[in-house]
Amino acid sequence: MQSSSNLFPVALISAERRGDLSEDVYRLKPGNSPDASVELAVTRLGMADAGETRGVPVILLHGSFSNRRFWYSPKGLGLGAYLARLGFDVWIPEMRGHGLSQRNQGYRNNRVADYARYDLPAIGAFVREQSGQVPHWIGHSLGGITLAAALGGHYLGEPAVASAAFFGTQVSRTYWPLKIPPVEWSGRFILKRFAQLSGSRLKRGPEDEPIGLALESMRWYGLFGRFGDAEKNWWAGLADVQLPVLAVSAAGDHQDPTWACRKLFDQIGSAHKQFVCLGRGQGFSDDFGHVEMLVSKAAHLEVWPLVARWLEDQQAPLLGEQPQLAEAV
Numbered sequence: 001m002q003s004s005s006n007l008f009p010v011a012l013i014s015a016e017r018r019g020d021l022s023e024d025v026y027r028l029k030p031g032n033s034p035d036a037s038v039e040l041a042v043t044r045l046g047m048a049d050a051g052e053t054r055g056v057p058v059i060l061l062h063g064s065f066s067n068r069r070f071w072y073s074p075k076g077l078g079l080g081a082y083l084a085r086l087g088f089d090v091w092i093p094e095m096r097g098h099g100l101s102q103r104n105q106g107y108r109n110n111r112v113a114d115y116a117r118y119d120l121p122a123i124g125a126f127v128r129e130q131s132g133q134v135p136h137w138i139g140h141s142l143g144g145i146t147l148a149a150a151l152g153g154h155y156l157g158e159p160a161v162a163s164a165a166f167f168g169t170q171v172s173r174t175y176w177p178l179k180i181p182p183v184e185w186s187g188r189f190i191l192k193r194f195a196q197l198s199g200s201r202l203k204r205g206p207e208d209e210p211i212g213l214a215l216e217s218m219r220w221y222g223l224f225g226r227f228g229d230a231e232k233n234w235w236a237g238l239a240d241v242q243l244p245v246l247a248v249s250a251a252g253d254h255q256d257p258t259w260a261c262r263k264l265f266d267q268i269g270s271a272h273k274q275f276v277c278l279g280r281g282q283g284f285s286d287d288f289g290h291v292e293m294l295v296s297k298a299a300h301l302e303v304w305p306l307v308a309r310w311l312e313d314q315q316a317p318l319l320g321e322q323p324q325l326a327e328a329v
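Every letter in the sequence shown is one number past the one before it in the UniProt record's numbering, and letter 282, counting from 1, is 282.
This is the structure we're talking about:
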C-alpha cells in the first residue's frame with residue numbers, strides 16, 4: 001500500500017469535489033492490533049475552495065448499525081458538512097466492517113475493546129499528523145461508548161484529545177434478565193451461532209454489527225459485569241479524565257435515557273464539563289429522540305449551532321440563554 005503517512009500505511013483512495021465541499025477518503029492500515037487485516041476508512045471534509053488552509057480538526061464517531069452517512073449525506077447535509085462549512089477540519093472514521101471500511105478477518109469477534117485500544121488511537125494519531133493540531137472528538141451512541149472506553153482505559157488522553165462530546169451515550173441502563181446467570185448463558189449460547197446482527201432485519205440501520213459486540217455488552221450488563229475488559233476497568237478510569245467534556249441526552253430517547261447518560265457524565269472527573277438535555281423543559285422546541293438529536297431539521301436549527309459553540313469555546317455555558325436558532329437549509 002502506497003503511504004500518505006509516516007505513521008503506518010495509508011492510501012488516499014478518493015479525492016472528490018462535492019458541491020462546495022472537498023471529500024478525501026483515506027484507507028488506514030495501522031497494523032497495531034492482533035488482527036493484521038484491519039483497515040479503516042476515514043473521510044476528510046473541508047471547503048473545496050479553501051486551499052491548503054484548514055481549521056480546527058473534529059473527529060465524528062458514528063453509532064451502531066451506522067456509517068459516515070450519519071454525519072454527511074450524499075446531498076452534502078449533516079453535522080459533518082455543517083461544521084466543514086463553518087471552517088472546521090472534519091474527519092469521519094468508519095469502524096471495522098462499516099461503510100468503506102472492509103470487514104477484517106476476525107470481524108465476528110470485533111469488540112469495543114478493540115476499537116478503543118487500537119483503532120481510535122491510530123485514527124487520532126493520523127489526524128494529528130495531517131492537521132498539525134489536537135482534534136476534538138464527538139461520538140454518538142456506540143461511538144460515544146467507544147470514546148468513553150478509550151478515555152477510561154487511558155488509550156486516549158489529553159495529548160490526543162482537545163475535548164470530548166458524548167451524544168446519547170450510556171452504559172448504566174439495567175437489563176434485569178441478564179442478571180440471572182442461566183438467562184445470560186442461554187443468550188450467549190444462541191448468539192454464538194451467528195457472525196453478525198443484521199441492521200436491516202432489525203430495522204436499526206444500514207450496517208451489520210459483529211456478534212462480538214453483543215457478547216461484550218452482555219458481559220457489561222451481567223450479574224457482576226462492569227464497563228471494561230479483563231485488563232482494565234474503563235468506568236473507574238473515567239474518574240481520571242480531566243479534559244473538557246460535553247454530554248448530551250435527548251428527553252425523548254428511550255434507548256439511552258437521560259438518567260443513564262447523566263450517570264456517565266457524573267463519573268467523568270473533569271472540572272470542565274457540561275450536560276445538556278434536549279427537551280421542551282430545557283427550552284428546546286421538542287423532546288428529541290435518539291437519532292433525531294443529531295439528524296433532523298430541528299437538530300440543524302438548535303443542536304448543530306450548540307455543537308459549534310462548544311467547539312469554539314468549551315468554557316462558555318451552552319444554555320446560559322435560549323438556544324440560538326440557525327436558518328434552515
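C-beta atoms are modelled at their ideal positions from N, C-alpha and C, and glycine is treated no differently.
Exercise. Based on the DSSP secondary-structure assignment, which residues constitute the bridge partners of T43?
Worked result: V25, I92
For this session: Find out if the Cβ-Cβ distance for the pair V56, L311 is shorter than 8 Å.
Result: yes
Exercise. What residue range is occupied by the uninterrupted beta strand (DSSP E) comprising I13?
Worked result: 10–18
For this session: Would you list the one or two residues that DSSP bridges to K273?
Result: V245
Exercise. Should E16 be labelled buried (16 or more other beta-carbon atoms within 10 Å of its own) or exposed?
Worked result: exposed
For this session: Could you work out which residue in R193, Y82, F288 is closest to G168 when comparing CA atoms only?
Result: F288
For this session: Using beta-carbon positions only, say whether R108 and Q170 come within less than 8 Å of one another.
Result: no
Exercise. Can you tell me whether DSSP reads I59 as helix, strand or coil?
Worked result: strand
Exercise. Around the Cβ of I190, are there at least 16 other Cβ atoms within 10 angstroms (buried) or fewer (exposed)?
Worked result: exposed
For this session: Give every residue of the same chain whose Cβ lies closer than 6 Å to the Cβ of S249, excluding the five residues on either side of it in the sequence, and list them in chain order.
Result: T258, C261, C277
Exercise. Out of curiosity, what's the CA-to-CA distance linking G99 and R18?
Worked result: 18 Å
Problem set entry | Whole-angstrom C-beta distance between V161 and L243, which should lie under 8 Å | 6 Å
Exercise. Helix, strand or coil: which one does DSSP assign to Q196?
Worked result: strand
For this session: Could you tell me which residues DSSP puts in a beta bridge with W220?
Result: Answer is none; W220 lacks a bridge partner.
Exercise. Distance, Cα to Cα, T146 vs K192?
Worked result: 22 Å
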